[in-house]
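Read through the structure below, which is laid out as structure tokens, and then see the notes.
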Amino acid sequence: MSGATQRLTIAQAVRDAMRDEMRLDPTVLVLGEDVGVDGGVFRATDGLIEEFGPERVIDTPLAESGIIGLSVGLAATGFRPVAEIQFMGFVYPAINQLFSHAARMRNRTRGRMTTPMVVRMPYGGGIHPPEHHSESYESLFLNTPGFKVVVPSNPYDAKGLLISAIRSNDPVLFMEPKRIYRAFREEVPDEAYTVPLGSASIAHTGDDVSLIAWGAMTRVCHDAAEVLAVQGISAEVVDLRSLNPLDRDTIIGSVVKTGRAVVVHEAPKTNGFGAEIIAQINEHALMHLEAPVQRVCGFDTVFPLAHLEKLYLPNRDRVVAAAKKTMEY
Amino acid sequence: MSGATQRLTIAQAVRDAMRDEMRLDPTVLVLGEDVGVDGGVFRATDGLIEEFGPERVIDTPLAESGIIGLSVGLAATGFRPVAEIQFMGFVYPAINQLFSHAARMRNRTRGRMTTPMVVRMPYGGGIHPPEHHSESYESLFLNTPGFKVVVPSNPYDAKGLLISAIRSNDPVLFMEPKRIYRAFREEVPDEAYTVPLGSASIAHTGDDVSLIAWGAMTRVCHDAAEVLAVQGISAEVVDLRSLNPLDRDTIIGSVVKTGRAVVVHEAPKTNGFGAEIIAQINEHALMHLEAPVQRVCGFDTVFPLAHLEKLYLPNRDRVVAAAKKTMEY
Amino acid sequence: MPRTTVYEAVTQRLEILDLDGQVDAELMPELDPNRIIEFYRNMVLMRAFDNKALKLQRQGRMGTWPPIQGQEAIQVATAMAMEESDWLIPAFREQAVMVLRGIPGHVIYAYWAGDERGSAFPDGVRCFPIAVPVGSQWQHGAGVGLSLKLRGEQAAAVVFGGDGSTSEGDFHEGVNAAGVFKTNTVFVIQNNQWAISVPLSKQTASETLAQKAHAYGVPGIQVDGNDIFAVHVAVTEALERARAGGGPTLIEAETYRLGDHTTADDASRYRSEEEVEQWRVKDPIPRLRKYLEANGLWDDEREKSLEDEAREWVDAQVEALEAMPPQPPEAIFEYMYDEMPPHLEEQMAALKAEVEG
Amino acid sequence: MPRTTVYEAVTQRLEILDLDGQVDAELMPELDPNRIIEFYRNMVLMRAFDNKALKLQRQGRMGTWPPIQGQEAIQVATAMAMEESDWLIPAFREQAVMVLRGIPGHVIYAYWAGDERGSAFPDGVRCFPIAVPVGSQWQHGAGVGLSLKLRGEQAAAVVFGGDGSTSEGDFHEGVNAAGVFKTNTVFVIQNNQWAISVPLSKQTASETLAQKAHAYGVPGIQVDGNDIFAVHVAVTEALERARAGGGPTLIEAETYRLGDHTTADDASRYRSEEEVEQWRVKDPIPRLRKYLEANGLWDDEREKSLEDEAREWVDAQVEALEAMPPQPPEAIFEYMYDEMPPHLEEQMAALKAEVEG
Ligand SMILES: Cc1ncc(C[n+]2csc(CCOP(=O)(O)OP(=O)(O)O)c2C)c(N)n1
Ligand SMILES: Cc1ncc(C[n+]2csc(CCOP(=O)(O)OP(=O)(O)O)c2C)c(N)n1
Ligand SMILES: [Mg+2]
Ligand SMILES: [Mg+2]
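What follows is the structure in structure tokens.
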């Protein structure tokens, strides 16, 4: 292990993960719309077709059900496809292939066939695009067993989690927070390494209130924790990283310690994954709660067009206010 | 109002609702796979094509995205289509048309165009069919605003709720508990009447614990309440009827009264709608809770084939055990 | 108004064996008589297998069953043209192909009886599980064909679907992708004229299903699906093209579902007995028997002994089915993930405690 | 091996106006010279509208914009062939058709600038909202065509989509249903050769997109989409058939996207300047201008005054755009349901309190 590192953005870290795994494992393929010659609309597959050729970096027809359907066929017969859905807002046509097949192949064949595939999806708001380009649909995937669902919040995790996802023998939905694709850089090892699926990280330790989030919202919680610190409130930020499997112990451990929690997500509030976090706390830490868990979420509306998206998205001040509400209860 | 009634099953009540509305409103259409000549695989559209002809009772090609896509086009230009998805397990191909279009048309056109359509879907387990015929996907639709989601549990409500759904100017997903389609009969008025959307009913009053459910699970809760009564525990059964809009007041009112709750649904536990009920209780009645809310749900697995479905489905004894757990906490 | 022609579409149909058992000598392929007898034998076995399932269902010993009666020629000819290295991607009405590929009959019975082990095919049999969501499997046909091509295997993916399934978007995306990537795929449409109660005329306005191939730049052909020689020729040609890297083929095999859609259906609600009768005379089994008899390859005695063989084989499948021990509760959980996550461990433990306690 | 032919059909292409502005006299429709001038005027206005948007975008006054340069002939001819009673179902690159249907230019600008009111079209304009999910709108074309047919309206639904969008399952399901129900629909494919970076050759192996009509028993035709006369003839014929209840038509209009996919794209990453140049000479605007000049219908003075008109009109759209007051927070909530449910009332009240306080 050379130990060499480079300062990379999340988008670059994602690209490096695919490149490293493609070098190590000839069964790893990349496919999707514009992933080849164009290098992906976010450049997350930049340079891959030059290195691996069009048989391993495949520009597909414009058909999401097809991308996932092809991936199921490839994965069940020996490949490890990494499929890109250009924006999470366009995953709907692929739902049938994902839910009826990718998530069920192992169970349906009693373990005889598997679908080791990754579906990469840029998600979330903050880049002022047209309709359908800002959505966070994680909750759609969390009442349907058979997947793993992973969301990095920084370049180091992005590379390590994606490599774990590619090596996983289960289908993995990999959500990439496009708002922070290029927002900052971190030291990322040149070599392949893994960050385990199913383990949350404590992004910031604290004693008074737990701020629980994933992806881009982790950074919003970080900012909130700094503001709260100034006001004498010590907030702990829990970055879930995996939504399924969920690291319940870390969540419960934090809430047992603080007695207060705020869950933050971009998706609409009702039946978002925040509800499940609350249900977990209800089941495993109810009597430790000093106040109702607060949710800071998207509204129960369509994600608005660019002009109003700032009003829609959870922000630092809302998280601060929610945390204080739990303190003042 | 003649006041005449007939003893009908849920399937017959559903059929009558469509028939009555088609008589009253020439813009109401029925479409789907096998809804015409065959009268629907559950006979829920029996006799409609004979009365209204093939221009109002339309057998479509085998294409769910098409059924909903056609419905969007029809609804946006003056019709009130009642579309059937043969089994809820086959709604996935229609998700894009439902979520990207039906649910967004009003918002996207700033109220200029609407999609007053109903999507009828037999759902749930208990009839020992092949794979994909037993699913309960309500939670899929509850993090996506723009729909109403309705689930009757008895013939009277089935007719009244479906008529309200057809008259609603919003798209309504209407889930029909196929397990009890023909399980029992009730007096149902011959004439058209409505049961309001967005209001739960107290199916059974009690003081000690609230059993919260919808559709076929309401009856399981009923049975559990009887067993609990024998054991000296007074259970209240809340039949939600509408999952969106949700009748929060009735839920919270019941839980404030009893201090204990069990949520019961057929869908997998994780991120099922039970989680949202718990989150609502957390927000509005936390300090009234004597014990953690219990969930009795499907497992976080694929719905098994016929042999094992009895093990999978929530049953009376599990609900009784969960209720007692809240009592003994 | 004159315009220039930029594309000329021609779709052909292949028929070899007529209703009286006579073949078109020019079109008839060279086939070892024993192979033709094997065609017949397999069709008869498969019909017996089907009849038994219907009987079991009426007795409450079987779940919903999708009969294949009338469609045996397509399935037997295709299965027998396939090599071990080819992949089968069935829809849900391909039990004959599946059995002939090497899946024990009692396993197929178990599936439709509602037993998870009905999907536990023997190792080494290249067969996808049954696909219940209509049309979704077409995409896998493209994907597996691409997989074989990328790996340079001289093998084909054979994917089946019904006439109704061609209306699903997945049919379009699957065949289109196969055309673009020139995958090693053979698409076989079992056009049995009905999709539950919906006749082909309400499914599509296209005159044939084979002509849909023109939309994808892929060769397409229609065959008389009740003519086992025609199916044999078309499938063999398509398989050879696919294995050689020559790209996909779309085959429409015209046939008829003589039975109900499934045991949950009553076909008399939507179609006439006359229509069924018109197709019954085209039944692929008596047709081939006439050919065999006319060519001195078959007689009543052989028929009798085949009937006995069929009964014995089918009975053995039923016995094996009914000898299966009950499934433990673990069967619900154990194949969800490579490693069982803690929340499933908990749920499984709770269920076991409930069942045992 | 001889086989019988069960389907035979051709796909034709229509071209009338050549690159030098000469028309095929036999094919040329009868058109009032003023209408031809109007064709030209509208194309020039629409190009100016597009250029301005690109400029606004570079200045940070506009969001992502999908340029239509090179595709004006299709859009202008179609819009001008439509009646008020016809419905337009756009994809996302049909701003010219939309403006010519009666949607104010500043409203279109507002949409792409990220303002919800950009979808608040004037009452009475029969136009669906922009459909961003590629291909999904084809289904609405079938549905609206069915709606018009069921109501006996002598009107058509005109639905647009790109070459890439024909790969989506919804294209297949939409055109197939239109064929089955003989809906009053005109399907217009703007084949601009690219779907972002994916060329048509990677999108489908079919030689033309028009031939996909054979899959649905629907008439199909290819036209030179940079030839406004050819588009006019094909669309008019299809509209008349649709309005008369004669069923749907699939039109492939071959054109080229001269600009980037959107302002977020850099087309030089995936295609050569030479290719673009080859198409630039086919630009529909100079082509029609040559025709007008050759026929004494146009001169430099007229051109100059049209340029002035275009600039003024476009500037007025920008002014109207920038005069729009900011949207209140209610705009996020008010159109979700017919009646606002209590939980949205609460969320809206909380946001208003936050914004105001
Ligand atoms: C996506 C989907 N929609 C509906 C169904 C219900 N269904 C099962 S089989 C069938 C008809 C299939 O017709 P076809 O493709 O012609 O096959 P066949 O049954 O004739 O073999 C239908 C509607 C399903 N299984 N999947
Ligand atoms: C379902 C879906 N997938 C992906 C996208 C992203 N996307 C937007 S436009 C486009 C290409 C469209 O190509 P084409 O249909 O040829 O239309 P054109 O842009 O050339 O007008 C893609 C992939 C989308 N909007 N919707
Ligand atoms: Mg069929
Ligand atoms: Mg294009």
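Chains as they are written, first to last, in the working numbering: chain A, 39 to 367; chain B, 39 to 367; chain C, 40 to 396; chain D, 40 to 396. The beta-carbon is built from N, C-alpha and C at its ideal position, and this holds for glycine as well. From a predicted model like this one, the values you see are computed outputs, not experimental measurements.
For residue i, which of helix, strand or coil comes out of DSSP?
| i | result |
| --- | --- |
| asparagine 73 of chain D | helix |
| alanine 118 of chain D | helix |
| alanine 121 of chain A | strand |
| glutamate 291 of chain C | strand |
| proline 22 of chain A | Here chain A has residues from 39 to 367 only, and residue 22 of chain A is not among them. |
| valine 227 of chain C | strand |
| leucine 93 of chain C | helix |
| alanine 48 of chain C | strand |
| leucine 297 of chain C | coil |
| glycine 285 of chain D | coil |
Quick one: is the Cβ of residue i within less than 7 Å of any heavy atom of ligand 3?
| i | result |
| --- | --- |
| alanine 170 of chain D | no |
| glycine 264 of chain C | no |
| arginine 310 of chain C | no |
Looking only at its own chain, which residues have a Cβ that is under 7 Å from the Cβ of residue i, when we skip the five neighbours before and after it?
| i | result |
| --- | --- |
| glutamate 18 of chain D | In the structure as shown, chain D begins at 40 and stops at 396. Residue 18 of chain D is therefore absent and cannot be evaluated. |
| asparagine 282 of chain A | Leu180, Phe185, Lys186 and Val187 |
| cysteine 259 of chain B | Leu249, Ala251, Val275, Val302 and Val357 |
| aspartate 209 of chain C | Gly174, Ser175, Trp177 and Gln178 |
Can you pull the chain C neighbours of residue i, defined as C-beta to C-beta under 8 Å?
| i | result |
| --- | --- |
| glutamate 71 of chain B | Ala234, Ile235 and Val237 |
| valine 79 of chain B | Ile235, Ala303 and Asp304 |
Any heavy atom of ligand 1 inside 7 Å of the beta-carbon of residue i?
| i | result |
| --- | --- |
| phenylalanine 199 of chain D | no |
| phenylalanine 78 of chain D | no |
Leaving out five residues before and five after residue i in sequence, what residues of the same chain have Cβ atoms less than 6 Å from its Cβ?
| i | result |
| --- | --- |
| methionine 155 of chain A | Ser109, Ala113, Pro119 and Pro209 |
| alanine 132 of chain B | Glu102, Ser103 and Ile106 |
| glycine 286 of chain C | Lys221 |
So residue i contacts chain C; which residues on that side make the cut at Cβ distance below 7 Å?
| i | result |
| --- | --- |
| leucine 112 of chain A | Gly182, Leu185 and Ser186 |
| lysine 241 of chain D | Val219 |
| aspartate 322 of chain D | None at all; the shortest Cβ gap to chain C is about 22 Å. |
| glutamate 169 of chain B | Val171 |
| glycine 149 of chain A | Tyr374 |
Does any heavy atom of ligand 2 sit closer than 7 Å to the C-beta of residue i?
| i | result |
| --- | --- |
| proline 131 of chain A | yes |
| tryptophan 233 of chain D | yes |
| leucine 112 of chain B | no |
| glutamate 347 of chain A | no |
| valine 173 of chain D | yes |
Anything in chain D within Cβ reach of residue i, meaning under 7 Å, just list it in chain order.
| i | result |
| --- | --- |
| glutamate 176 of chain B | Result: empty, since nearest Cβ-Cβ is about 17 Å, beyond 7 Å. |
Quick one: residues in its chain with C-beta nearer than 8 Å to the C-beta of residue i, no 5 flanking neighbours on either side, listed in chain order?
| i | result |
| --- | --- |
| leucine 62 of chain A | Ala230 |
Verify the contact flag: residue i, CB atom, against every heavy atom of ligand 4, threshold strictly below 7 Å.
| i | result |
| --- | --- |
| aspartate 76 of chain A | no |
Anything in chain A within Cβ reach of residue i, meaning under 7 Å, just list it in chain order.
| i | result |
| --- | --- |
| isoleucine 133 of chain B | Tyr130 and Ile133 |
Original post:
Can you give, in chain order, each stretch of the alpha helix (DSSP H) that sits fully within the region 157-189 of chain B and has at least 4 residues?
Top reply: Here no run is fully enclosed.
**OP:** Ignoring anything shorter than 4 residues or poking outside the region 214-302 of chain B, list the alpha helix (DSSP H) runs there in chain order.
**Re:** Listed in chain order, they are 254-268 and 286-296.
Subject >> beta strand (DSSP E) runs wholly inside the region 238-270 of chain D, at least 3 long, in chain order >> reply: Within the region 238-270 of chain D, the beta strand (DSSP E) runs of at least 3 residues that lie entirely inside it are, in chain order, 259-263.
Subject >> Complete runs of the alpha helix (DSSP H) confined to the region 114-201 of chain C [at least 4 residues] >> reply: Within the region 114-201 of chain C, the runs of alpha helix (DSSP H) that reach at least 4 residues and sit entirely inside it are, in chain order, 134-140, 144-152 and 175-189.
Subject >> Every unbroken alpha helix (DSSP H) within the region 76-158 of chain B, with a cutoff of 4 residues, ordered by chain >> reply: If you keep only unbroken alpha helix (DSSP H) runs of at least 4 residues inside the region 76-158 of chain B, you get 86-90, 102-113 and 143-146.
**OP:** Scan the region 341-365 of chain A and note each continuous beta strand (DSSP E) run of 3 residues or more that stays entirely inside, going in chain order.
**Re:** Runs found: none.
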